[in-house]
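What follows is a set of notes on a single structure, which appears directly below.
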Amino acid sequence: MAAAESIWARGSNVEWCEAVAQPFRHSPHVAEFWNTISNAAFLVIGAVGLIRAWKSSWAILYTEAMLLVVGVGSCLFHSRRTWVGEVLDELPMSAMALGYLMCLDGRHVA
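Written as structure tokens, this is what we have:
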């Protein structure tokens with residue numbers, strides 16, 4: 041159990057300007073308030089995209105789902121500034137980029 045607690049407590053590898061200049065300014069529980077709040081756009085757009093893509097190809101559905109995961113991961117990262125939050129922020133972005141590449145499958149004209 042101690043290993044799991046240390047992973048969640050480990051600090052992130054990067055610090056954005058808001059975290060350096062004014063950490064925890066607006067709330068004692070949220071490190072980067074405006075970066076955290078701005079992730080609501082990912083959640084709304086991802087949910088709308090997921091609904092619209094429901095009967096589309098699995099690649100488009102996957103990409104829209106990853107947009108939601110990016111929103112949640114980025115919110116966790118910017119609110120707590122932990123290493124786990126950083127991984128949950130950056131890894132889904134790469135997975136979403138893979139989804140965009142899958143959407144292009146078969147669209148290249150030789």
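Heads up: the sequence shown at position 11 corresponds to 51 in the working numbering, and the numbers run straight through without jumps.
Idealized CB from N, CA, C, for every residue including glycine.
What is the rounded straight-line gap between the Cα of residue i and the Cα of residue j?
i    : j    : result
A105 : A137 : 12 Å
E72  : L108 : 20 Å
P68  : A80  : 20 Å
V127 : S78  : 19 Å
T122 : S114 : 11 Å
V84  : T76  : 14 Å
Can you give me the start and stop residues for the alpha helix (DSSP H) that residue i sits inside?
i    : result
R120 : W98 to R120
W123 : W123 to C143
Less than 7 Å between C-beta atoms, sequence neighbours within five positions excluded: which residues of the same chain meet that for residue i?
i    : result
G139 : A99, Y102, T103 and M106
A93  : I100, L101 and E104
Can you give me the Cβ contacts of residue i inside the same chain, cut-off strictly under 6 Å, excluding the 5 residues immediately before and after it?
i   : result
V88 : none
H66 : F73
P63 : A71
Report all residues from its chain with a CB closer than 8 Å to the CB of residue i; omit the five preceding and five following residues, and keep chain order.
i    : result
V110 : F82, G86, D129, P132, M133 and M136
(request) Examine the Cβ distances between the stretch 84–100 and the stretch 137–146 and report whether three or more of them are shorter than 8 Å. (result) yes
(request) Please confirm if the stretch 112–132 is in contact with the stretch 67–81, defined as three or more CB-CB distances below 8 Å between the two stretches. (result) yes
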